[in-house]
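The structure under discussion appears below in the form of structure tokens.
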Amino acid sequence: MGIDLLWIVLEAEEEFNIRLDHDDVPLFVSDLLEPAIAAIRQQHPERLLTDDDIWRQLRRMISEQLGVPLEQVTKTANFVTDLGCV
94 MGIDLLWIVL
104 EAEEEFNIRL
114 DHDDVPLFVS
124 DLLEPAIAAI
134 RQQHPERLLT
144 DDDIWRQLRR
154 MISEQLGVPL
164 EQVTKTANFV
174 TDLGCV
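When the sequence shown is numbered by the working numbering, its final residue is 179 and no position is left out of the sequence of numbers.
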């Protein structure tokens, strides 16, 4: 896992107060979104976040972390080829 991607995973863990599996390297944004949603549902069932709420927060975080326009962060975006992760 590259350093940019590691920081994104760590920031997602902090943002949502969850623990993700660091052995599964996300290639696409959806590869991070889906485990984040599952972890929030499992680790914090009392939280009333919708999947769309989680997506908006994660999308904003990725955009800010990588310095890319928000519109460029889609669920199908590849972290390396589309978003420039190293």
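All residues carry an ideal CB built from backbone N, CA and C; glycine is no exception.
{"Item": "Once the 5 residues before and after residue 147 are set aside, which same chain residues still bring their CB inside 8 Å of it?", "Value": "109, 126, 129, 130 and 133"}
{"Item": "Around the C-beta of residue 119, are 16 or more other C-beta atoms found within 10 angstroms, so that it is buried, or is it exposed?", "Value": "buried"}
{"Item": "Given this structure, state the Cα-to-Cα distance separating residue 105 from residue 114, to the nearest angstrom.", "Value": "12 Å"}
{"Item": "Can you give the Cα-Cα distance for residue 111 and residue 174, rounded to whole angstroms?", "Value": "27 Å"}
{"Item": "Mind pulling the alpha helix (DSSP H) runs of 4 or more residues that sit fully within the region 130 to 175?", "Value": "144 to 159"}
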